[in-house]
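Novice:
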Amino acid sequence: MTTIRRALATAAFIALMAAGGLAAEPSATRPALDPAQTLMQEGRWSEAGRALDATLAADGEDHNALFRRGVCALKLGDLATAESHFQRAIRINPGFNDPVAQEWREAGLKALKEGVPDRGAAMFSKAIYHNPDLARELG
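Going by the numbering used here, the letters in the sequence shown line up with residues 224 to 362, in that order.
1) Across the region 310–323 and the region 332–344, are there enough close Cβ pairs to call them in contact, namely three or more that are closer than 8 Å?
2) Is the separation between the beta-carbon of A312 and that of G293 shorter than 8 Å?
3) Can you give the Cα-Cα distance for R328 and M263, rounded to whole angstroms?
4) On a Cα-Cα basis, can you pick out the residue from A271, D282, A345 that is closest to E306?
5) When DSSP labels each residue in this structure, what does E337 get in the three-state scheme?
6) Determine the burial state of M261: buried for a count of at least 16 other Cβ atoms within 10 Å of its Cβ, exposed for fewer.
7) Please state if the CB of L279 and the CB of C295 are separated by a distance shorter than 8 Å.
8) Anyone know if the C-beta pair for R259 and A271 falls short of 8 Å?
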């Protein structure tokens with residue numbers, strides 16, 4: 224059931240982004256996001272973070288770049304930076320609450336697999352904060 228929910232949430236997010244439901248990035252920053260996205264897909268989190276930092280230097284209100292920068296920070300274990308970028312993205316576009324919740328959820332599951340239950344629980348708490356419906360699954 225958990226795998227199905229995760230797949231549905233991912234598919235919904237991708238469909239929403241493709242349909243422009245979370246508002247497309249400004250055209251001035253779109254070229255910079257493409258290399259960052261490629262780097263993220265390759266798991267090159269530090270490099271992607273630097274590319275997104277450049278995008279954010281040009282437009283600090285780019286909610287897509289803020290979200291992706293938060294993902295990079297989370298993957299690198301910088302939880303405070305991740306939370307800061309996620310919160311800024313959500314302030315600009317509240318539609319990012321669920322994708323942020325899913326990122327925290329995935330990080331929590333990874334922490335549990337790595338044998339760090341306290342860290343996993345803290346991440347689950349953040350996931351539930353952003354999407355209270357996850358409490359049934361993670362509670």
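Where is the CB? At the ideal position from N, CA and C, for every residue including glycine. Predicted model, so just to flag it, every value in this text is computed and none were measured.
Specialist: Answer, in terms of the structure:
1) In this structure the region 310–323 does not touch the region 332–344; the number of beta carbon pairs closer than 8 Å is below three.
2) To locate residue 312, count along the sequence shown from 1; it is residue 89. To locate residue 293, count along the sequence shown from 1; it is residue 70. When the beta-carbon positions are compared, A312 and G293 come within less than 8 Å of each other.
3) Your numbering for residue 328 matches position 105 in the sequence shown. Your numbering for residue 263 matches position 40 in the sequence shown. About 18 Å.
4) The sequence position of residue 306 within the sequence shown is 83, counting from 1. Residue A345 is the option with its Cα nearest to E306.
5) Translated into the one-based positions of the sequence shown, residue 337 becomes position 114. Correct three-state label for E337: coil.
6) Counted from its first residue, the sequence shown places residue 261 at position 38. Correcting the residue type first, residue 261 is Thr in the shown sequence and not Met. T261 comes out exposed.
7) Numbered from its first residue, the sequence shown carries residue 295 at position 72. Numbered from its first residue, the sequence shown carries residue 279 at position 56. No, the Cβ-Cβ distance between C295 and L279 is not below 8 Å.
8) For the purposes of this step, residue 259 is identified with residue 36 of the sequence shown, where counting begins at 1. For the purposes of this step, residue 271 is identified with residue 48 of the sequence shown, where counting begins at 1. Sequence check: residue 259 is Ala here, not Arg. Going by C-beta atoms, A259 is nearer than 8 Å to A271.
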